[in-house]
Structure formats: structure tokens, C-alpha cells
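Same order as they appear, the protein sequences are chains A and B.
Quick note: the first sequence uses this note's numbering, first residue 24, plus one each step.
Quick note: the second sequence uses this note's numbering, first residue 72, plus one each step.
Even glycine gets a Cβ: it sits at the ideal position worked out from N, Cα and C.
Treat the numbers as computed from the prediction; the structure is a model and nothing was measured.
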Amino acid sequence: MAAVKQTVEHVESLEKYKHGFVTDIEQDFAPKGLSPDIVRFISAKKNEPAWMLEYRLDAYERWLAMDEPEWAKVYFPRIDYQDSYYYAAPKEKVGPASLDEVDPDILATYAKLGIPLREQEVLAGVKGAPRYAVDAVFDSVSVVTTFKKELAEAGVIFCSMSEAIREHPELVKKYLSSVVPVSDNYYACLNAAVFSDGSFVYVPPGVRCPMELSTYFRINAENSGQFERTLIIADKGSYVSYLEGCTAPMRDENQLHAAVVELIILDDAEIKYSTVQNWYPGDPETGKGGIYNFVTKRADCRGDRAKVSWTQVETGSAITWKYPSCILRGESSVGEFYSIAITNGRQQADTGTKMIHLGANTRSRIISKGISAGRSSNTYRGLVSAHPKAKGARNFTQCDSLLIGKTCAAHTVPYVEARNGQCVFEHEATTTKLSEDQLFYAMQRGLSQEEAVQLLVNGFVKDVLQELPMEFAVEAQKLVAISLEGSVG
Amino acid sequence: MLSISNLHAEIDGKAILKGLTLDVPAGEVHAIMGPNGAGKSTLSYVLTGRQGYEVSEGTATLDGEDLLSLDPSERAARGVFLSFQYPLEIPGVPALTFIRTAMNAQRKARGEAEITAPAFLKLARATAASLKIDFEMLKRALNVGFSGGEKKRMEIFQMAMLSPRFLILDETDSGLDIDALKIVADGVNAMRSPERAMLVITHYQRLLDYIKPDRVHVLADGRIAESGGPELAHELEREGYDKYARAA
């Protein structure tokens, strides 16, 4: 109840896109364009070992031979990959030893975004409130990771990808690209060649990570792509909850964001991965600018009884092309996908999931809530498949679409493949229009039109919001409201 | 309290109200009766500001303040409440959340402080008990899967919680069995006060046995065709609306 009110107040106090500021920091750029030399430059900048450079150059070669995928229901002019920067870092110190060495402008940016970067601020919070370890990625570089010491005591490794390559090469070599192969798809392959940074997590056997881990990604520099690489390994019987948040300033040009996230879950382990994505969606009238969010996320339940849960709140980006997937390899492993995708203005989203049942008695659950407003297009695309060995596989899918106004579109494209006779797949789908009767009813009780829309939409997405960690659920609820501002009237 | 003068209203260019004049002073309960299609529901929507109902002529004021230029939520904040003939289902929003959000929105519009959580719950529990509503039901999504009778009771519950000054009951008796009707009528009667006024819209006389009106008006062809005391309702029950239909 209070959250709804907060939402209302929040909306009133905000501009259309509140994260649309640019921080003026001296940037260290690689020259524009993409070539083997740029790949070498990136690798050298990061002091990478030779095997990593080879990995990148190999990926670059393969990428050259690939074509951009065209099957998604999104439309955009061809991207000139030579007209972008592939490396942008805050100048000088690439690996700050402590917070004091981080550029105060960057810290100010994160403060504006409301990220509890400074541990003392976190600690000064409400007594008993959960604490979050944060890895902050600014353009391409991880600037600071908090709570490292406390996590290390529990045996948890949480650091930037660059650091993991240097400090934990055996883990990186073993798991990198083991879920998303280098040439899996066009954007993932590009990422393998030029990825800049990202987060690395390893949770040892039997350890329950003592706090939520989170990463905040911020694109700041102009014309720069952002290519994060995230790798999370939950060893046998461990548990970790991870959250990523994303923002970018308003720019007239489109910026490319092509991240890859790989999750590996061994026997009896569990990863809960939540995303609150609020990249700049572009100008709502002209569609100018905004982020192209072409992301590959995949989890591999490699062990028996492994469990993974993807929860995403996608409100930003001009174009979203994203299908967080679960490979259910281990027997009795479980995959879940909870999604809220909101499009407004000229946004286009083609998002969903793949549940690939390989092991016996594997289970999956998909709850997708798509909301379209303005002149946007919102597509759910999902695959549920059971292979011959996946006897006893079960899936439940629920896809609901809500239309606001008369000029938006919603599409649902479910693919279902059962290659054995002993699986049970259920699919439910609804499409509803935010009804004027409901709006009037709420307004007659005293809610303004804007408040009425928020209340009804919050009701629509409730099933998914409750899957998010508590604090983020409140944040996400606000985001939902902001994204739909001005969508009725 | 409410004063309507020469009100003309139309939907999609079709005239529905054709010069309706009506005064409901504070402290009184007035019944509006009439044949189907006479404009009874249109009157309730015009008074609450629903989109699509165009007022082409006339005025409607509450305590001297023009209602017609206000948004639906502004009218609600000034104390206008409509108990819907067909209450809407609000999926995913618990009844308590809905009412508290509405209550605070109204308070904010009036420049009052929000109700505290303990005060709200105390009020909700007491109100639910008086209307024989199971408190657990208030934690469910508003009206979703509720029976017709439960929905009507929820309307009266919301009315009691929001404590409006001017109440419009649109066919509140439809779909109610006799027990539910008594509970609803008790709830409405409990709200009668010298500071409030009510407009009870109904097709049948039955409801008026339980909610006794001070005045009864017959609405036919967009105008008040006849006004009288409670006995007029009984007369209509016996003779029907035929003579008004002919007059039109």
C-alpha cells in the first residue's frame, strides 16, 4: 500500500527519464572502430594473459564470418560497427585499491543513482536491513566492488571479470563460454571479442552467500558500446542471489549494449538472478536515441536438483532482444523465468525465455507480463522443449499482455517441442486492454488518472514483482510507474 | 447540498438527459425511479464525471460549487461517491490496498495528512464487522471472484470507509437476496446524517422498504416527470411506468 503511494510521489517528482544525466569525466578511449588491433588494445589495457588475447582474437575472426540475426520482431537501421568505440574507461586508475582512489565524479554519479556504494552508508541504513555487495561498472570498467573482505571470509569470490582473469584463471578457463559458446550468436560472439568487464562470482560448495550481490551498469560515454561479461558459478549445494541494475544518459545516437551472462549451477545449488533494466529508451515521440539491448543470458543447471530463477523487469532500451534461458541438464533440476516487460513511446521489445529440458523430471515455470503503451511493440518469444531423455519433464507457462491505448501492439510467440511422451506442458495466455471502466471506477474513488493506471498495472504485474528481493521490488514498482507516465490521456 | 438545474447530457450525440432539474438538500434521501432507458444511470455518470457523457446545457453544483468542471477524482475528494450498479474487478490489487490508496488520494487532494496504517486497519476491521464482511476477503483482489452480493457489499464497505458527503446508489438492490439486501440497507441507513444527502436510483420499490426516502422522483425521457413523497413509490409499484412512457 505504501509502495503505491511512494510510486505516486516518485512519479510526480521525476522527469520522464531521471537517469538521463551525463557525468563529465575524463575518458580513456580506444580509437573508433573494430579490428584485430583494437582487440589487442583492449586486452593489453587490461593486462590480460596471452590465452585471453587468443580467445578474443579467435572470437573476432568467427564474428567476421557471422550475420546479424533478423528473426526478431524488431526494426532498426543497420548498425555500423566501425562507427563505435569499443573501449571507454574513466581515465587513470583502472584498478582502484580503495574507494578513496575512485574519481569523486563517478561516486557522485552512483550516489545520484541511489547505489549504496559506500559501505558506511549501507551500514548506516535501517538496523537489520539486508546489506548488498555492489560491483559498479562504469562504461566498460568495474570501478569498485564492495564488501569484498566479508565475502572472502565466507569463501565467496565476487570481483570484476578483469580481476578474475588475472587472479582466478583456472576458474575462468574452466567455465567461460561453457554455457554460451563463443560463436553462439552474432552479438555474443562480438562480446567475446571485445568484452570490457563485468562481474565474476564463485560460491564454493555448501556456502550460502551471506548477502545479496549486485552490479550496477552505467553507460556514460558517447558512441560507446558496452559489452559486459558476467560469469557466476554456484558450486554444489551453494546459494547466491544476484541483482543487476542498468542506466544510461540520454543521447541522440543509439548505443549498443551486447552483454553475455553465463550461470553454472552444480548439484543442489541455486542461483537467483534478478535484473532491473532501465537503459535510456529513446525519445518517446521521435524514437531517436536509446540503447539497443542485445543480450545473451543463459543458465546451465549442470548438476542434479540444481535450480535457477531469472527475474527481469525490463522498462528501458529502445530495443530489447533478450531471452534468459535455462538448460535443465541435471536430473530434477528446476528453471524459472519471471518477466515484466514494459514498452512505451517507440520502444520495441522481443523478449522471453528458453526452457530446454534435457534431464529426467526437470521442471520449469514461466510467468511473463508484457505491458505495451504508446506506439510500442512488445513480443513474448519463448521455447519450451523436452528431449527424449527428459522423461517426466513439466512446464507451466503463463503469458499475459496488457495493452494501454490504441496504438501499441503485443505479440506472443510460444514454441513448444516435446520429444518424448512423458512430459506435461501447460500454456496459458491472455491479452487484455486496460479498461476505461476500471479506470473510471478507480478515479471515482479518488485516484487521478495517472494513479489509477499505476494501481491497475501494479496489480497486473504483482505475481512477478513478488519474486524480486524486497527492496528492489519497491524500486521496480516505481520504475513501472515512471515508464508508463503519460501513457493514457 | 446537490442542486441540478436544466441539465442536458448526451452520449455520442444522442440526447439522454433533456432538462433535468433536481434539488437534494442536506440530510435528505431522494429516490430516482423510472423505466429502463430513462437516463437513470446516465445521471449518476454525469454527476461523477465519466468520460463520454457530454453536458450540453445546465448546471450541477454541490454546496454551491460547480461539479461539472471537475475531474472524477476531484469530485470524489469533495465527497461524491457512486455505488456502481456493476462494480468492477481489479485483478492483483487487494481490496484493502485499493481503498487505502483511494482514501489517501482523497486526503491528499483535500490537503489532509494520510491515514496511519494502524488507524486504517482499525477502521477497516470495525467497518467490515458492521457489514458482516469476512476480514480475510479484504485481502483478496478487489471483486475478483466475488459473488454479485459480495460485490455490492464491497461497494457499501468502500462507501463507509471513505465517508462521503453525497452518496449515489445505482441499482444497489439488483442481484441481492433478501438477507444481503438487509445488510446493505443497514449499512446505508447507518450513514444517514444531517450533513449527508443521498440519491437512490432504483427500478423497483423493494429497496425503498429498507432505505426510506424523503422524496421520490420519476425520471422519464430525460426529465423529472413527477415528484412526491414515499407513497409515490408504492403507486409506481402498483401501476408501473406506462403513463410516463405514453407521455413521452
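Check	Outcome
Contact check, G163/B vs K485/A under 8 Å by CB: the rounded distance?	4 Å
Determine the closest residue to E459/A out of H410/A, V476/A, A281/A, with distance taken between C-alpha atoms.	V476/A
Spatial neighbours of Q461/A within its chain, please: CB distance less than 7 Å, with the 5 preceding and 5 following residues excluded, ordered by chain position.	L479
Answer yes if the segment 72 to 87 of chain B comes into contact with the segment 249 to 260 of chain B, meaning at least three C-beta pairs across the two stretches below 8 Å, and no otherwise.	no
Do the segment 123 to 130 of chain B and the segment 278 to 292 of chain B meet, that is, are 3 or more Cβ pairs less than 8 Å apart?	no
By the DSSP assignment, the beta strand (DSSP E) with E449/A in it spans what residues?	447 to 456
Counting C-beta neighbours from all protein chains within 10 Å, is the total for R181/B 16 or more, i.e. buried, or is it exposed?	exposed
Taking the C-alpha atoms as reference points, what is the distance between F206/B and R121/B?	31 Å
Between K345/A and the rest of its own chain, which residues show a CB-CB distance below 6 Å, the 5 nearest in sequence each way excluded?	V318, T374
Compute the distance between the beta-carbons of V299/A and G268/A, then report whether it is under 8 Å.	yes
Specify, as a first and last residue, the run of the beta strand (DSSP E) that D323/A falls within.	313 to 324
Using DSSP with H/G/I as helix, E/B as strand and the rest coil, what is G90/B?	strand
So, under 8 Å CB-CB, Y110/A and S219/A are touching, yes? Tell me the CB distance rounded to an integer number of Å.	6 Å
Taking the beta carbon of P92/A as the centre, do at least 16 other beta carbons fall within 10 Å, making it buried, or is it exposed?	exposed
With burial defined as no fewer than 16 other Cβ atoms inside 10 Å of the residue's Cβ, what is the status of S140/B: buried or exposed?	exposed
Going by beta-carbon coordinates alone, are Y366/A and S391/A separated by less than 8 Å?	It should be pointed out that residue 366/A corresponds to Thr in this sequence rather than to Tyr. It is not a contact, given that the beta carbons lie outside the stated cut-off.
Taking Cβ to Cβ, would you say A329/A is nearer than 8 Å to L289/A?	yes
Within 8 Å, do at least three Cβ pairs link the segment 194 to 212 of chain B to the segment 104 to 117 of chain B?	no
In terms of alpha-carbon separation, which member of H305/B, L159/B, Y124/B, T119/B lies closest to S144/B?	T119/B
Label I249/B either buried or exposed according to how many other C-beta atoms from any shown protein chain fall within 10 Å of its C-beta, with 16 as the threshold for buried.	exposed
Cα separation between D258/A and R352/A?	15 Å
For F155/B, count neighbouring C-beta atoms within 10 Å of its own C-beta (all shown protein chains included) and say buried if the count is 16 or more, exposed if not.	buried
Quick check: is the beta carbon of S234/B nearer than 8 Å to any beta carbon in chain A?	no
Using the Cα positions of D327/A and V407/A, report the straight-line distance between them to the nearest angstrom.	19 Å
To the nearest angstrom, how far is it from the Cα of G110/B to the Cα of A296/B?	12 Å
In terms of residues, what are the limits of the alpha helix (DSSP H) holding A409/A?	Per DSSP, A409/A belongs to no alpha helix (DSSP H); it is in the beta strand (DSSP E), 400 to 409.
Measure the C-alpha to C-alpha separation of A166/B and A251/B and round it to an integer number of angstroms.	19 Å
Using CA atoms only, rank isn't needed, just tell me which of A496/A, P307/A, N301/A is closest to R369/A.	P307/A
To the nearest whole angstrom, what separates the beta carbons of A413/A and T385/A, a pair I think is in contact under 8 Å?	6 Å
Can you list the residues of chain B that L491/A reaches, using a CB-CB cut of under 7 Å?	Under the 7 Å cutoff, chain B gives no residues; its nearest Cβ is about 15 Å from L491/A.
What residues from chain A crowd round R294/B, counting only those whose CB sits closer than 7 Å?	None at all; the shortest Cβ gap to chain A is about 25 Å.
Do you know offhand how far R149/B's Cα is from S399/A's?	37 Å
Report the neighbours of Q177/B on chain A: residues whose CB is nearer than 7 Å to its CB, in chain order.	G469
Step through the CB atoms of chain B and report whether any lies within less than 8 Å of the CB of L479/A.	yes
If you follow the alpha helix (DSSP H) that P143/B is in, where does it begin and where does it stop?	143 to 148
Across which residues does DSSP place F223/A in a beta bridge pair?	C182/A, L254/A
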